[in-house]
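Chains as they are written, first to last, in the working numbering: chain A, 18 to 239; chain B, 18 to 239.
All residues carry an ideal CB built from backbone N, CA and C; glycine is no exception.
Number of protein chains: 2
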Amino acid sequence: MEIKVLQDIFESNRNMADEIAALLKEKKVYMIDLMSSPGSGKTTITDRLIGALKGSFRIAVIEGDIKTTKDAEKLAKHDIPIIQIETARFSGDCHLESSWIRKCLDGFDLDNLDLVIIENIGNLVCPAEFQLGDDERIVVLSVTEGEDKPVKYPLMFNSSHTLLLNKIDLLPHLEYSMDEVMENVRRTNPTIVTFPVSAKTGEGFDAVVAHLARRIREKTGK
Amino acid sequence: MEIKVLQDIFESNRNMADEIAALLKEKKVYMIDLMSSPGSGKTTITDRLIGALKGSFRIAVIEGDIKTTKDAEKLAKHDIPIIQIETARFSGDCHLESSWIRKCLDGFDLDNLDLVIIENIGNLVCPAEFQLGDDERIVVLSVTEGEDKPVKYPLMFNSSHTLLLNKIDLLPHLEYSMDEVMENVRRTNPTIVTFPVSAKTGEGFDAVVAHLARRIREKTGK
Chain A
18 MEIKVLQDIF ESNRNMADEI AALLKEKKVY MIDLMSSPGS GKTTITDRLI GALKGSFRIA
78 VIEGDIKTTK DAEKLAKHDI PIIQIETARF SGDCHLESSW IRKCLDGFDL DNLDLVIIEN
138 IGNLVCPAEF QLGDDERIVV LSVTEGEDKP VKYPLMFNSS HTLLLNKIDL LPHLEYSMDE
198 VMENVRRTNP TIVTFPVSAK TGEGFDAVVA HLARRIREKT GK
Chain B
18 MEIKVLQDIF ESNRNMADEI AALLKEKKVY MIDLMSSPGS GKTTITDRLI GALKGSFRIA
78 VIEGDIKTTK DAEKLAKHDI PIIQIETARF SGDCHLESSW IRKCLDGFDL DNLDLVIIEN
138 IGNLVCPAEF QLGDDERIVV LSVTEGEDKP VKYPLMFNSS HTLLLNKIDL LPHLEYSMDE
198 VMENVRRTNP TIVTFPVSAK TGEGFDAVVA HLARRIREKT GK
């Protein structure tokens, strides 16, 4: 019975994700699902991406947190539409589901948007199991988390299109092997596109922004 | 119906946790549930604790991972009983449950043990929801994860007895406020015992080991 219910949850989540994907195709809106462990730098990355892309595209953000609106507050300076989901108001949930994203999208004027960035709950496990109808899944891994995470959390890395290897400004102070992490990345997902970055200093972001701008233009026709 | 099933899961998990607690009381075995985000340093900490405590106490380890036996392999040098749970063999699960711990305990000779260390799945959310029948919940937070995690993941910090604030060797290279994180810790759980440590250098571990040795002696009578 438990397994049956879980299958129902995944199936209804996937159906709604398909509906969202169809809606965003019609509206020509690109959507990113940004995922990582707690404290890997998702909000600082979102901040940098908005800063770099808002001159060219109309952006909105969906902020997922279990508790607090701290991340949304950090992004408020950009003066773009932001909707906060606090999952503790539902049941302390450890991921976002497509039905909640659908409700958030109803709160945006999709005819006047090009890009929606979803900042998912800080969790390297559960969010990977829930499709949200996005165009690109981006996983952030900070180099302070060690080289083994891609093989220890395979679904997250396997189901993502893009990897941002963050906090490279700290490399001089860590015993960290870029060769080893890249070998683990390739073994888990040979086609994932990887960008080493520092959200703190901005290093590596030109390439990320160029990659995203190209993908957004392909969909929006801008 | 979904909520009913979830309640059933939590209730049966708690019943088994109570059964484990009774068994460990009878056998005079102390059990620690070590939890954190991915990459916060649980395995390096476990390694240090075993090294410092194995002269005085008989120790066994339960290693939780979604995939791989890497962590167990790192601890193999200590020549103590280690049982690995790979949750991907069940359903990719994001936490450990008491029924699995019960089975692991059956694999140990409890009459000849003083301490069991459970290294939970790297996840700051779901493991907090599942009681395992342990004596002490220890949450590890690395300073690279930012100051806001205690208020963003309140259940984990609220339900833990002890906090190891890890990777303090990196503090000179971070913009990190110890005052701010401690304020967030106090606001979430005023009674949690906090130890700033570096699993890499060993700084701060004397105090942690003294604290644990005292707690283990209280239970085992050694």
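CA-to-CA distance, Glu146/B to Ser57/A, given in whole angstroms: 23 Å
Kindly say whether Asp35/B, judged by its beta-carbon, lies nearer than 8 Å to any beta-carbon of chain A. no
Only counting the same chain, and skipping five residues up and downstream in sequence, which positions put a Cβ closer than 6 Å to that of Asn206/B? Phe174, Asn175
Under a Cβ-count criterion, where at least 16 other Cβ atoms within 10 Å of its own Cβ denotes burial, should Arg106/A be classed as buried or exposed? exposed
Exposed or buried, Lys94/B, counting other C-beta atoms within 10 Å across all chains shown (16 or more means buried)? exposed
So what does DSSP say about Phe125/B, is it helix, strand or coil? coil
Flag this pair as yes or no: are the beta carbons of Gly219/B and Pro213/B separated by less than 8 Å? no
Got a sec: is the Cβ-Cβ distance from Asn140/B to anything in chain A below 8 Å? yes
Write down the C-beta distance between Gly140/B and Asn32/A rounded to the nearest angstrom, noting that I regard them as a contact closer than 8 Å. The residue you asked about is not Gly; residue 140/B is Asn in the sequence shown. That belief does not hold up - the Cβ atoms of Asn140/B and Asn32/A are roughly 27 Å apart, past 8 Å.
Nearest chain A C-beta to Glu19/B closer than 8 Å, yes or no? Model confidence at Glu19/B stands at a pLDDT of 45, short of 50, so the residue's coordinates are unreliable and nothing is read from them.
May I have the straight-line CA-CA distance separating Asp198/A from Ile233/A, to the nearest angstrom? Strictly speaking, residue 198/A in this sequence is Val, with Asp absent from that position. Cα-Cα distance, rounded: 29 Å.
Taking only beta carbons into account, state which residues of the segment 61-87 of chain B come closer than 8 Å to chain A, listed in chain order. Asp82, Ile83, Lys84, Thr85, Lys87
Under the rule that 16 or more other beta-carbon atoms within 10 Å means buried, what is Ser177/A, buried or exposed? buried
Sequence-distant residues of the same chain with beta carbon closer than 6 Å to Ala230/B, five excluded per side: none
What residues from the segment 31-57 of chain B come within 7 Å of chain A, judged by C-beta to C-beta, listed N to C? Ser54, Pro55, Gly56
Determine, using beta carbons only, whether Thr218/B comes closer than 8 Å to chain A. no
What are the residues of the segment 157-181 of chain A that lie near chain B, defined by any Cβ-Cβ distance shorter than 7 Å? Ser159, Thr161, Glu162, Gly163, Asp165, Lys166, Val168, Lys169, Tyr170, Pro171, Leu172
From the beta carbon of His228/A, is the nearest beta carbon of chain B less than 8 Å away? no
Which whole-angstrom value is the C-beta distance of Val157/B and Leu51/B, which I expect to be below 8 Å? 7 Å
Give me the residue from Val160/A, Ser215/A, Ala216/A, Lys45/A with the minimum Cα distance to Leu191/A. Val160/A
Can you find at least 3 beta carbon pairs, one from the segment 119-127 of chain B and one from the segment 110-127 of chain A, that sit closer than 8 Å? no
Closest by CA to Asn30/B, which one among Asp223/B, Gly150/B, Leu187/B? Gly150/B
Are the CB atoms of Leu181/A and Ile62/A nearer to each other than 8 Å? yes
Tell me which same chain residues have a C-beta within less than 7 Å of the C-beta of Leu187/A, skipping the five on either side of it? Val160, Thr161
Where Glu28/A and Thr85/B are concerned, what is the direct C-alpha to C-alpha distance, given to the nearest angstrom? 28 Å
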